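Just so we're aligned, residue 97 is where the sequence shown starts under my numbering, counting upward by one. One structure below.
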Amino acid sequence: MRVASLEVVGFRNLRQVGLSCGPGLNLLIGPNASGKTSLLEALYFLGRGRSFRTHQARDLIQTDAAAFRVVAAMAGGDGRRVAVGIERNARELIARVGGVPTRSLADLARQTPVLLLNPDSHRLLEDGPQLRRRFMDWGLFHAEAGFLDVWRRYSVALRHRNAALRSGLADRLVEAWDGELAAAAAILDRLRETFCKALRGVLEPLADATLGQAGVRVDYRRGWPLEPSERDFPTWLRLGREQDRQQGHTRLGPHRADFTLRIAGRASSDSLSRGQQKLLVIALVLAQAELYRRHADDACILLIDDLPAELDPDNRTRVMRTLATLDTQLFVTAIEPGLLDAASWRDARSFHLANGAINAASPAGIPIGDLP
Numbered sequence: 097m098r099v100a101s102l103e104v105v106g107f108r109n110l111r112q113v114g115l116s117c118g119p120g121l122n123l124l125i126g127p128n129a130s131g132k133t134s135l136l137e138a139l140y141f142l143g144r145g146r147s148f149r150t151h152q153a154r155d156l157i158q159t160d161a162a163a164f165r166v167v168a169a170m171a172g173g174d175g176r177r178v179a180v181g182i183e184r185n186a187r188e189l190i191a192r193v194g195g196v197p198t199r200s201l202a203d204l205a206r207q208t209p210v211l212l213l214n215p216d217s218h219r220l221l222e223d224g225p226q227l228r229r230r231f232m233d234w235g236l237f238h239a240e241a242g243f244l245d246v247w248r249r250y251s252v253a254l255r256h257r258n259a260a261l262r263s264g265l266a267d268r269l270v271e272a273w274d275g276e277l278a279a280a281a282a283i284l285d286r287l288r289e290t291f292c293k294a295l296r297g298v299l300e301p302l303a304d305a306t307l308g309q310a311g312v313r314v315d316y317r318r319g320w321p322l323e324p325s326e327r328d329f330p331t332w333l334r335l336g337r338e339q340d341r342q343q344g345h346t347r348l349g350p351h352r353a354d355f356t357l358r359i360a361g362r363a364s365s366d367s368l369s370r371g372q373q374k375l376l377v378i379a380l381v382l383a384q385a386e387l388y389r390r391h392a393d394d395a396c397i398l399l400i401d402d403l404p405a406e407l408d409p410d411n412r413t414r415v416m417r418t419l420a421t422l423d424t425q426l427f428v429t430a431i432e433p434g435l436l437d438a439a440s441w442r443d444a445r446s447f448h449l450a451n452g453a454i455n456a457a458s459p460a461g462i463p464i465g466d467l468p
């Protein structure tokens, strides 16, 4: 799905903004505090129902506004079009798909598949496993029709088992949730392992293109020990029940899953510089975008904030050329138009922002002063 047009009202420092978006590269050009990142944030909120800058959605409402609204006309590769929108006022969040209100943000997310690369993206490799689980689960949500139901089923069983552990209830009441937890865990584990195998196949050529490193390995970790092999997950639950009770939570399971990246047998954190790790994260997110394209037979939306500040000119050029090979809609910010090479896109568009408003739009690479 691609954004054909976008309207943003009452969001942060943005004035009422309307964009007619290109299907490929869309450059957002302007000085600091001009609204470039806020525009990406509005698009991200539309696709995820949350911000990548704050946990408080009310903080996104403009000072003198009662609410903010983000509305987009989405166009699919099969020719279908659907209007999506999200609104936040002081009391509630309202989402719409096809003009019809929906209580499920999942309905909105399916129509607005958004990925993000920004200066904090290095945390995907450097922070704990929660971000990497979220990364796997985003891919599976869009690729596997039944994934969300299984994920919810596991989450409910885990919550009830943990409550039973903390309340001091008899073993039989804790055990009552073990079967449900294990059944959902088996499906989650299989799906995530399959995802990581597919990720490796897509990541290898992209890491070679962006980083110049071949042989990147994705190692999936399920969240409980593999050895001894005769112990399955229900057995680990039973044997660990007393320690789980002492600690007040379930210590093992898919909620502890993770994946690591290795190059030439070494962890990426040990073998790569900080700059190289940034390039590897870029390759990882591009691999996610490519997996989406293969499963959905359609493009996703990739938001890239401040790429010029993150990379030197040579690596920037390499990344831009790699991006041009992917069937992905891009929204990329930069302070100056000359910092990014748009020559590889025939249909690139450039939007110039200042003080929260779009002053002008042009084909990328054509200065505003040269337009008739």
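Built from N, CA and C at the ideal position, the CB exists for glycine as well. Fair warning: this is a prediction, and the values are worked out from it, not measured in the lab.
Rounded to whole angstroms, the separation of the alpha carbons of A395 and L387 is 10 Å. Along the stretch 137 to 222, the beta strand (DSSP E) occurs as fully enclosed runs of 3 or more residues at 163 to 171, 177 to 185, 189 to 193, 196 to 198 and 210 to 213, listed in sequence order. DSSP, read as helix, strand or coil, puts T356 in strand. In the DSSP annotation of this structure, the continuous segment of the alpha helix (DSSP H) that includes Q342 starts and ends at R337 to Q343. By the Cβ test, the stretch 271 to 278 is not in contact with the stretch 289 to 296, since fewer than three Cβ pairs between them sit closer than 8 Å. Within the stretch 401 to 457, the complete beta strand (DSSP E) segments at least 3 residues long are 425 to 430 and 445 to 450, listed from N- to C-terminus. Between R111 and G452, the CB-CB gap stays under 9 Å. Going by DSSP, G297 is part of the alpha helix (DSSP H) stretching over D267 to L307. Using a Cβ distance threshold of 9 Å, Q384 and G235 count as a contacting pair. For the pair of segments examined, the stretch 182 to 196 was found not to touch the stretch 241 to 255: the number of CB pairs separated by less than 8 Å stays below three. The beta carbon of E222 sits closer than 8 Å to those of S365 and Q373, all from its chain and outside the five residues before and after it, given in chain order.
With fewer than 16 other beta carbons inside 10 angstroms of its own, A439 counts as exposed.
Contact between S101 and A168 is confirmed by a C-beta separation of about 7 Å, below the 8 Å threshold. In the DSSP assignment, D315 falls within the beta strand (DSSP E) that extends over V312 to R317. Taking C-beta separations shorter than 7 Å and ignoring five residues to either side along the sequence, the partners of R144 in its chain run A205 and V210, following chain order.
Under the 10 Å beta carbon count, A171 is surrounded by 16 or more other beta carbons and is classified as buried. Taking a cut-off of 8 Å on C-beta distances, the stretch 259 to 270 touches the stretch 337 to 348, as three or more cross pairs fall below it. Cβ atoms of S130 and A450 come within 8 Å of each other, at about 5 Å. Contact between the stretch 311 to 330 and the stretch 340 to 356 is established, with three or more Cβ pairs separated by less than 8 Å. Residue range R98 to V105 is occupied by the beta strand (DSSP E) that includes A100. Per the coordinates, the alpha-carbon of R370 lies some 50 Å from the alpha-carbon of A266.
In this chain, G114 is not harboured by any alpha helix (DSSP H); it is covered by the beta strand (DSSP E) spanning V113 to S116.
DSSP places A129 outside both helix and strand once states are collapsed to three, so it counts as coil. Note on T208: 16 or more other CB atoms within 10 angstroms of its CB, so buried under the neighbour-count rule. With fewer than 16 neighbouring CB atoms inside 10 Å of its own CB, Q342 falls in the exposed class. Judged by beta-carbon spacing, L403 lies beyond the 9 Å limit of Q309, meaning their Cβ atoms are not closer than that value. By the Cβ criterion, the stretch 140 to 154 is in contact with the stretch 193 to 205, since at least three pairs of Cβ atoms, one from each stretch, lie closer than 8 Å. DSSP, reduced to helix, strand and coil, places L244 within a helical segment of the structure shown. Within the model, the alpha-carbon separation for K132 versus P324 is close to 53 Å. Beta-bridge annotation (DSSP): N109 is not paired with any residue.
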